[in-house]
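Each number in the numbering used here comes from the position in the sequence shown (counting from 1) with 6 added on.
Using N, Cα and C, we set each Cβ at its ideal position, and we do this for glycine too.
All remarks here apply to the structure that follows.
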Amino acid sequence: MGYTGTDGLYFDYSGWGLGSNGSASGPSVGINQQGTLRFDFLGGSVAGVGFLMNYAPAFGPVSLVAYDAGHNILEQYELNATAPISSNAFQFRGIQMGAANIASFELTSSGNPSPMFRSMTFTAAVPEPETYAMLLAGLGLMGALARRRKQKNLTV
């Protein structure tokens with residue numbers, strides 16, 4: 007996974023002041039000004055992405071956008087500045103799709119300091135039943151060819 011971001015990113019930082027949401031503790035990543043943090047899934051698209059997040063409610067909303075490989079928007083959410091996040095707590099936020107088509111996602115901050123997150127997770131694709139059927143058919147075909155080759159070698 008790769009990432010890019012605007013100036014003002016803080017990594018492994020503890021002790022953010024988040025207005026009425028208190029001060030978050032523990033290592034996290036934050037955007038300390040208006041800006042965007044983008045994550046690209048370099049190993050292939052994923053079916054879901056999520057993370058623990060907190061932000062200062064007084065500084066405006068935070069947007070979360072998921073893109074496909076062609077940079078088309080799959081889903082977009084604006085997290086209202088008055089979201090139900092309790093003081094000093096991180097809440098889970100994320101996007102889940104029915105197929106593994108999330109190639110990247112962005113977090114955009116509209117205020118200062120906001121947002122901060124940690125413990126990102128993502129869901130790889132789960133093979134469909136048809137994939138298993140093709141695998142079994144291929145293994146059966148390989149077994150039949152090996153058996154035929156063995157019988158041919160015995161008769162020569």
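With a cut-off of 8 Å on Cβ pairs, the stretch 44 to 55 is in contact with the stretch 93 to 113, counting three or more such pairs. Annotation: the continuous beta strand (DSSP E) that includes L85 extends over I79 to L85. DSSP places M59 in the uninterrupted beta strand (DSSP E) bounded by G54 to N60. For G41, the enclosing beta strand (DSSP E) stretches over residues G41 to D46. DSSP places G100 in the strand class (E or B) of the three-state scheme. Of the residues N78, P135, Q157 and T114, the one whose Cα lies closest to the Cα of M59 is T114.
In the DSSP assignment, A72 falls within the beta strand (DSSP E) that extends over V68 to Y73. In the DSSP assignment, S115 falls within the beta strand (DSSP E) that extends over S110 to S115.
Per DSSP, reduced to three states, the secondary structure at N107 is coil, with no helix or strand assignment. Secondary structure at G144: helix, using DSSP grouped into helix, strand and coil. Rounded to the nearest whole angstrom, the C-alpha separation of R153 and F57 is 51 Å.
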